[in-house]
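With this note's numbering, letter number 65 in the sequence shown gets 107, and the count goes up by one each step, no holes.
For glycine and all other residues, C-beta sits at the position ideal for the given N, C-alpha and C.
On a predicted model such as this, the values are computed, not experimentally measured, just so you know.
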Amino acid sequence: MTSTPPQTTARPSRRLAAPGTPLLRLGLLALVAIGIVGAALELAFERHWESPVQLIPWVALTLQVVALVLLLLRDAGPVLTVVRVLAAIVLLASLYGVFVHVSVNHGMGAMDPQWDAYSPLTQWWNALTKSVGMAPPLAPGMLAQSALLLLLASVTPKRRQA
43 MTSTPPQTTA RPSRRLAAPG TPLLRLGLLA LVAIGIVGAA LELAFERHWE SPVQLIPWVA
103 LTLQVVALVL LLLRDAGPVL TVVRVLAAIV LLASLYGVFV HVSVNHGMGA MDPQWDAYSP
163 LTQWWNALTK SVGMAPPLAP GMLAQSALLL LLASVTPKRR QA
């Protein structure tokens, strides 16, 4: 009669990211860079610089570029905190952009003769879906997407951990 040695189970790792994630991190950072370039081109094509409020996304893009470069150069300690704070600021700017775009569209609803006949919910829905107005409500979401990708990249290690 032979006995089988007891099998041990490995303890789950408490790391945020498993080994082998540098490629994932690089992919996330590439998507951040593509998002930044895409948003900058969209803003430039729309000539989005005619008022101080229209400069907010340009500042947000600059903050994203700074955060991206910092994360590429170093991914530890206070640099990670700075990157995450910058990404959070960009997220807030993006939410503000969605709010402003929807509000501008809502204001344009007064041009519609039937506007007052709509319920407030319908009015705001029409503003959100760009049924009234010209401001694209989801365009600021490009900034939010890049900021979230930057946050995800900040939790993946730069190098394989032994």
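Assigned secondary structure, residue i (DSSP; H/G/I helix, E/B strand, else coil)
{"i": "G175", "result": "coil"}
{"i": "E84", "result": "helix"}
C-beta contact flag for residue i and residue j at 8 Å
{"i": "P218", "j": "H143", "result": "Residue 218 lies beyond the range of the chain shown here (43 to 204); nothing can be said about it."}
{"i": "S188", "j": "A81", "result": "yes"}
{"i": "Q106", "j": "I76", "result": "no"}
{"i": "L180", "j": "V74", "result": "no"}
{"i": "A186", "j": "L133", "result": "yes"}
{"i": "P94", "j": "V140", "result": "no"}
{"i": "N147", "j": "A169", "result": "yes"}
{"i": "V108", "j": "L128", "result": "yes"}
{"i": "A102", "j": "A135", "result": "yes"}
Contacts around residue i, its chain only, beta-carbon distance under 7 Å, and the 5 residues preceding and following it disregarded
{"i": "L85", "result": "P99 and W100"}
{"i": "K200", "result": "P64, R67 and D117"}
{"i": "V124", "result": "L112"}
{"i": "L194", "result": "L70"}
Neighbourhood of residue i by C-beta distance below 8 Å, restricted to the same chain and skipping five residues each side
{"i": "L115", "result": "V121"}
Close beta carbons around residue i, own chain, < 6 Å, minus the five adjacent residues each side
{"i": "H90", "result": "Q96"}
{"i": "M150", "result": "V174 and G175"}
Buried or exposed by the 16-neighbour rule on C-beta atoms within 10 Å, applied to residue i
{"i": "T164", "result": "exposed"}
{"i": "T198", "result": "buried"}
{"i": "S161", "result": "exposed"}
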